[in-house]
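**Student:**
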Amino acid sequence: MSSTHKRKRDELEDSDEEPSFGRQILPVANLPENYNGPITDGLQYLFTVRRDARRLPHVVRVANPYEVPDVPPPLKDVAPHPSLPSESWRTVFQRRFRNFRKNFAQPTIHIRLPEKKLKQKLMPDKNERDLWWEFIAGRPEAVWNPPKKPKQGKGKGNKGKGMRAFSDDSMDYGDARDSGVLKAQADDGDVVLMYDEADISVGPVHPPVSAATSVTLPTPMGTPPRHEEGEISDTPAEAFTPREPTPALLNRIDHRLAIHLLMYFTNWMNHHLRHTEQFSNRLTEVHARWMFALLSRVDDHVDADDMSLLRNLARACIGLLKDRKWKKVFLAQAGVGGQDEVGPDSIVQEAMSERSCWIVIAAIVYVWAQRDLWQDAEAMLQDFIAQ
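By the numbering used here, the letter at position 270 of the sequence shown is numbered 270, and the numbering carries on one by one without gaps.
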């Protein structure tokens with residue numbers, strides 16, 4: 001095509017209308033969109049034709065004579081399980097737990113400068129899982145904070161020495177904390193950790209075995225080792241007052257330590273579900289309060305790894321709920337009621353209740369938006385009814 005037949009760009013007619021199937025060549029009347037008057041000329045006729053064409057669909061489908069209307073199935077009116085917390089309770093709990101987290105993170109009263117680092121150790125190290133179990137169980141400091149073993153040389157110190165019937169090394173590796181009493185009392189009335197003389201007993205490293213020896217708390221060398229998985233201890237456990245998650249302890253727990261400790265609780269619950277016959281590894285209401293308090297120290301926004309740990313904790317609580325349900329049915333069939341767990345000497349143990357499990361699950365579901373876990377809990381209850 002020669003250039004003489006091409007129209008210049010400035011010769012093209014401007015149009016504010018949307019592109020249509022063909023280019024506008026004939027003039028069209030400029031009338032309002034809702035014009036409904038008589039058509040007097042061709043310009044008005046073209047306007048009405050183009051207006052009606054814009055209102056028509058671009059694609060038209062022929063009606064199917066064999067089409068069957070798709071009627072949705074009726075929704076099943078499934079009554080919620082009586083153990084499932086109500087919607088009103090969940091709403092109130094979500095609001096109050098969020099406020100509790102904010103108030104603990106930003107206290108509005110008793111604001112003070114951070115305390116200096118105490119020489120006294122208030123809790124076990126981060127990676128000591130077994131010592132954390134003993135710490136929460138209320139064991140004395142000699143158990144959860146044993147003295148460190150002395151570093152032995154690689155044989156250099158024994159060179160040039162003859163054999164002797166005794167050792168010249170008479171160092172006492174006992175800590176100064178085992179011989180005194182710790183009483184930390186803040187001036188402003190904050191709750192801090194206090195130990196009494198009755199909590200810690202100081203004795204020789206190797207106590208003499210005698211029939212007249214009085215019963216004392218176990219020392220680091222005399223503490224019996226924890227039983228491996230699958231073993232059941234026949235010796236009755238000593239009575240200790242469990243340690244509560246006090247504000248003095250929680251102030252020293254950050255996000256990373258809280259996540260790490262919650263991972264321990266998940267491991268303990270899974271171990272308890274695998275070996276429910278072991279009363280020494282049961283979870284109590286004190287453990288539930290620790291989980292609730294540690295969840296208040298977790299950040300609002302967590303990464304994928306931390307979220308996976310929180311979800312595992314919620315799933316472990318769902319498994320513990322299922323175990324509690326089956327145990328209730330078994331006790332009801334056996335004619336025994338009103339006891340969750342019965343330990344040695346018919347002592348009723350304060351086991352972690354269903355209410356505590358729901359609190360931990362609701363905290364994870366609503367604070368970190370894991371609604372599918374709540375659906376898993378509902379499905380577990382429905383399966384329990386079906387069975």
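Where a beta carbon is used, it is the ideal one built from N, C-alpha and C, also for glycine.
Please read all numbers here as calculations on a predicted model, not as lab measurements.
If you compare alpha carbons, which of M352, F240, H58 and D323 is closest to F265?
**Tutor:** By one-based count along the sequence shown, residue 265 stands at place 265. Residue M352 is the option with its Cα nearest to F265.
**Student:** Pick from S356, V62, D303 and Y66: whose alpha carbon is nearest that of I318?
**Tutor:** Counted from its first residue, the sequence shown places residue 318 at position 318. Nearest option by C-alpha distance: S356.
**Student:** Would you please state the rounded distance, in angstroms, between the beta carbons of I361 and A314? I believe it to be under 8 Å.
**Tutor:** In the sequence shown, the residue the question calls residue 361 occupies position 361. In the sequence shown, the residue the question calls residue 314 occupies position 314. Sure, about 5 Å apart at Cβ, within 8 Å.
**Student:** Quick check: the Cα distance between P74 and N64, rounded to an integer number of angstroms?
**Tutor:** Taking the sequence shown and counting its residues from 1, the one referred to as residue 74 is at position 74. Taking the sequence shown and counting its residues from 1, the one referred to as residue 64 is at position 64. About 26 Å.
**Student:** Do you know how far the Cα of D376 is from the Cα of I136?
**Tutor:** One-based indexing of the sequence shown puts residue 136 at position 136. One-based indexing of the sequence shown puts residue 376 at position 376. So the two alpha carbons sit approximately 30 Å from each other.
**Student:** With distance defined between alpha-carbon atoms, name the residue in E285, A369, W358 and I25 nearest to P82.
**Tutor:** Counting from one through the sequence shown, the residue named residue 82 turns up at place 82. The option with the nearest alpha carbon to P82 is W358.
**Student:** What's the gap between the Cα of L381 and the Cα of A316?
**Tutor:** In the sequence shown, counting from the first residue as 1, residue 381 sits at position 381. In the sequence shown, counting from the first residue as 1, residue 316 sits at position 316. In a straight line, the C-alpha of L381 is about 15 Å away from that of A316.
**Student:** Closest to G120 by C-alpha separation, out of A334, W132, R129 and N145, would be which residue?
**Tutor:** Here residue 120 is taken as the residue at index 120 of the sequence shown, counted from 1. Here residue 120 is Gln; the residue named in the question, Gly, does not match the sequence. Looking at the Cα atoms, N145 is the closest of the given residues.
**Student:** Between which residues of its own chain and I414 is the CB-CB distance below 6 Å, once the five residues before and five after are set aside?
**Tutor:** Because residue 414 is not part of the residues shown, which for the chain are 1 to 387, the question remains open.
**Student:** Identify every run of the alpha helix (DSSP H) within the stretch 275 to 333, keeping only runs that are complete inside it and at least 4 residues long; order them along the chain.
**Tutor:** Fully enclosed alpha helix (DSSP H) runs of 4 or longer: 285 to 295.
**Student:** Check the DSSP bridge columns for A239 and list the partner residues they point to.
**Tutor:** Indexing the sequence shown from 1 puts residue 239 at position 239. For A239, which the question treats as bridged, DSSP gives no partner whatsoever.
**Student:** Any idea which residues DSSP pairs A351 with across the strands?
**Tutor:** Within the sequence shown, residue 351 is the residue found at index 351, counting from 1. DSSP output for A351 lists T284 as bridge partner(s).
**Student:** Is it true that the CB of W290 sits closer than 7 Å to the CB of P245?
**Tutor:** In the sequence shown, the residue the question calls residue 245 occupies position 245. In the sequence shown, the residue the question calls residue 290 occupies position 290. For P245 and W290, yes; Cβs fall inside 7 Å.
**Student:** Compare the Cα-Cα distances from T284 to each of V71, E350 and L84 and report the closest residue.
**Tutor:** For this step, residue 284 is matched to residue 284 along the sequence shown. With distances taken between Cα atoms, T284 lies closest to E350.
**Student:** Just to confirm, is the Cβ distance from P140 to L131 under 7 Å?
**Tutor:** Within the sequence shown, the letter at position 140 stands for residue 140. Within the sequence shown, the letter at position 131 stands for residue 131. Cβ distance not < 7 Å, so P140 and L131 don't count as in contact.
**Student:** I want to see whether chain B comes within less than 7 Å of P247, judged by CB atoms only; does it?
**Tutor:** No chain B appears in the structure shown, which is made up of a single protein chain.
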